[in-house]
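The block underneath contains the structure these notes are about, expressed in structure tokens.
Given below as structure tokens:
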């Protein structure tokens, strides 16, 4: 019986991600921290670059989220302190 509960919990989590529900809980509080995704994802290629850019866009405004993606993608060449910070108001109008 325990396996079924874990299975359904996992499915619920996947559905929450796919619909965007609860994503802010994982991003952390909004703190007006934004980075140029070109510097965040420098060195990544192909599908990995696409995934990195998508994660970077989702993290805009949430420094805690950026901490989670530092070195998370194969090929990343820059540490977080080397990423270029940008004004979040610019990012919101550019990406959304």
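Residue numbers (my numbering): 2 to 97. Backbone N, C-alpha and C define an ideal beta-carbon position, used for all residues, glycine too.
Nearest-angstrom Cα separation, counted from residue j out to residue i
i	j	result
residue 75	residue 57	14 Å
residue 41	residue 84	6 Å
residue 45	residue 69	17 Å
residue 88	residue 72	23 Å
residue 64	residue 30	8 Å
residue 49	residue 39	13 Å
residue 23	residue 77	Per-residue confidence for residue 23 stands at a pLDDT of 41, beneath the threshold of 50, marking its modelled position as unreliable; the derived number appears in the next sentence. In a straight line, the C-alpha of residue 23 is about 28 Å away from that of residue 77.
Residue i, buried or exposed, once every other Cβ within 10 Å from all chains shown has been counted against 16
i	result
residue 61	buried
residue 67	buried
Endpoints, alpha helix (DSSP H) assigned at residue i
i	result
residue 38	38 to 41
Rounded distance between the beta-carbons of residue j and residue i, thought under 8 Å
i	j	result
residue 86	residue 53	Residue 86 to residue 53, Cβ: 17 Å. No contact.
residue 43	residue 79	5 Å
Check your understanding: Which runs of the alpha helix (DSSP H) fall wholly inside the segment 59 to 84 and span at least 4 residues, in chain order?
Key -> Annotation: the segment 59 to 84 contains the following complete segments of the alpha helix (DSSP H) (minimum length 4 residues), in chain order: 64 to 70.
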